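Down below is the structure, laid out as structure tokens.
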Amino acid sequence: LARGAAPADLSGRHVVVSAGGTREPLDPVRYLGNRSSGKQGYALARTAAARGARVTLVAANTALPDPAGVHVVPVGTAVELRERVLEAAGDADAVVMAAAVADFRPAAYATGKIKKQEGRDPEPVALVRNPDVLAEVAGDRTRPGQVVVGFAAETDDVLANGRAKLVRKGCDLLVVNEVGERRTFGAEENEAVVLGADGSETPVPHGPKEALADTVWDLVRDRFPRS
Ligand code: CTP
Ligand code: CA
178 LARGAAPADL SGRHVVVSAG GTREPLDPVR YLGNRSSGKQ GYALARTAAA
228 RGARVTLVAA NTALPDPAGV HVVPVGTAVE LRERVLEAAG DADAVVMAAA
278 VADFRPAAYA TGKIKKQEGR DPEPVALVRN PDVLAEVAGD RTRPGQVVVG
328 FAAETDDVLA NGRAKLVRKG CDLLVVNEVG ERRTFGAEEN EAVVLGADGS
378 ETPVPHGPKE ALADTVWDLV RDRFPRS
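Just so you know, the sequence shown maps onto residues 178 to 404 in UniProt numbering.
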């Protein structure tokens, strides 16, 4: 599809996209984080808006300009992201979880900066599990016919791992990236396979994140119930 000639095939739809990476604070100056740039999520938000959707972008710690015509909801932690995504998902036709959500957070938050102790080893950092937002959204389906999409970066047996994760999460589509030598963190381009709960497999060749985003929206649109 030529740029600037986007069809309005998502008009009248509300879509929720999460992007970026959560940060889990240890004390007022430190956090556990990850290297997600948010670029794929922003590309999804931009392309959905260009195709006529109302877009809520739940953005975790991104340093990217707000896409025009998109409602941006900034969040920090996984717990905040969960709240905002569930809130927006209430009337959403689709939810796409492109954010890297931290699996764990520090069990305790120190309200004062953690200091070194002379002649003493540091305390180990105890972690607890974060909620699984994708599994929760997919299990809830507050709106009938809502389409739920996850992302996964895998190594080794990429497709088998992806297939198992799709089933475990209960989502309709899972976009699987192979990670390794050529990392996708911060890159402008991406390459993936989109797995469907219906058994479908859609390879997306190496290319701009917008192209992958458009393929995701094509697959989402095809799964909307007839209205
Ligand atoms: N995800 C989520 N909440 C979490 C962790 C992940 O919503 N606490 C979502 C991500 O946004 C992504 C999908 O689940 O869309 C897959 O994330 P991934 O980290 O690959 O899944 P995990 O179940 O955490 O598996 P792993 O142990 O391989 O990290
Ligand atoms: Ca994870």
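A virtual CB, placed ideally from N, CA and C, is assigned to each residue, including glycine.
Computed from a prediction, not measured in an experiment: that's the story for all the values here.
Check: Beta-carbon spacing of V252, R261 below 7 Å; Outcome: yes
Check: Cβ pair N354, L389 closer than 7 Å; Outcome: no
Check: Minimum length 3: unbroken beta strand (DSSP E) runs contained in the region 256-342; Outcome: 271-274, 281-283, 304-306 and 324-331
Check: Beta carbon proximity, A330 to chain B, threshold 7 Å; Outcome: No chain B appears in this structure, which consists of one protein chain only.
Check: Start-end ranges of the alpha helix (DSSP H) lying completely within the region 181-236, minimum 4 residues; Outcome: 216-227
Check: Beta-carbon proximity of T288 to E201, cut-off 7 Å; Outcome: no
Check: Segment limits, beta strand (DSSP E) that includes A369; Outcome: E366 to G373
Check: The region 290-307 / the region 321-336 touching (three or more Cβ pairs under 8 Å); Outcome: no
Check: Residue burial classification, P321 (beta-carbon count within 10 angstroms, cutoff 16); Outcome: exposed
Check: Pair within 7 Å by beta-carbon distance, residue 129 and A369; Outcome: Here the chain has residues from 178 to 404 only, and residue 129 is not among them.
Check: Check: N307 C-beta below 6 Å from any heavy atom of ligand 1; Outcome: yes
Check: Boundaries (first-last residue) of the alpha helix (DSSP H) holding L241; Outcome: It is not in any alpha helix (DSSP H) - L241 carries neither H nor E in the DSSP assignment.
Check: Nonlocal neighbours in the same chain, by C-beta distance under 8 Å from G197, ignoring five residues either side; Outcome: S213, S214, G215, G218, A236, A237, N238, T239, A276 and A277
Check: Nearest neighbour of A312, chosen from L343, E264, E295 and A245 [CA to CA]; Outcome: L343
Check: beta-carbon D243 near ligand 2 non-hydrogen atom, thresh 6 Å; Outcome: no
Check: Beta-carbon spacing of T199, L241 below 7 Å; Outcome: no
Check: C-alpha gap between P283 and L203, whole angstroms; Outcome: 6 Å
Check: Any non-hydrogen atom of ligand 2 closer than 6 Å to D280 Cβ; Outcome: yes
Check: D333 to K293 span [Cα, whole Å]; Outcome: 40 Å
Check: Distance cut-off 6 Å: G373 Cβ against heavy atoms of ligand 1; Outcome: no
Check: Spatially closest choice to R398 from A337, G316, R228 and P205, by CA coordinates; Outcome: R228
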